[in-house]
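In our numbering, the protein residues as written are 1 to 160.
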């Protein structure tokens, strides 16, 4: 599974505008389940932003997904999506995310999937954390000026 297959330009935000943990989570969920004039339209397609956000916050309450090194990988399982969905973003200003190393976060990857995709969910989390161990990749992603540049860096790193 390639992360670049789960990401699209519409689900990458460079820069994120949120300045708090909750604001960033809401913004990332909004990339997966954009607000719609008709909430029934979103519900009909299984995209309930508030329920998705609640599942991510519930997981976050167990243990922060701020893994250190300026990176957070918030994630959750919800019946409101039928497959793994990934969103990402870069905050120009570091955000206090209760990271395990106590340092603020600039690089975010949000992964949401259904309960039925638990194995794929764990594999995707592992893939994200393995790629982000590379300091040069983290620095490049944080320095990205656009979603297209961010995606190119992810694709190139997966091809290496």
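Here a beta-carbon is modelled for each residue, glycine too, at the ideal position from N, C-alpha and C.
- For the options 154, 158 and 148, the alpha carbon positioned closest to that of residue 9 is the one of 148.
- The beta carbons of residue 87 and residue 31 sit closer together than 8 angstroms.
- By the beta-carbon neighbour count (other beta carbons within 10 angstroms, threshold 16), residue 58 is exposed.
- A Cβ-Cβ separation of about 18 angstroms leaves residue 7 out of contact with residue 25 under the 8 angstroms criterion.
- A residue is called buried when at least 16 other Cβ atoms come within 10 angstroms of its Cβ; residue 158 does not meet this threshold and is exposed.
- The alpha-carbon of residue 134 is positioned some 17 angstroms away from that of residue 89.
- For the pair residue 67 and residue 76, the Cα-to-Cα distance works out to about 15 angstroms.
- According to the DSSP secondary-structure assignment, residue 120 is paired through a beta bridge with no residue.
- It is roughly 16 angstroms from the alpha-carbon of residue 101 to the alpha-carbon of residue 60.
- Looking from the CA of residue 69, the closest CA among 98, 63 and 85 belongs to 98.
- For the set 12, 3, 1 and 5, the Cα lying nearest the Cα of residue 91 is the one of 12.
- In the structure shown, residue 111 adopts extended strand secondary structure according to DSSP, grouped into three states.
- By the criterion of a C-beta distance shorter than 7 angstroms, residue 127 is surrounded in its chain by 1 and 3, once the five residues flanking it on both sides are discounted.
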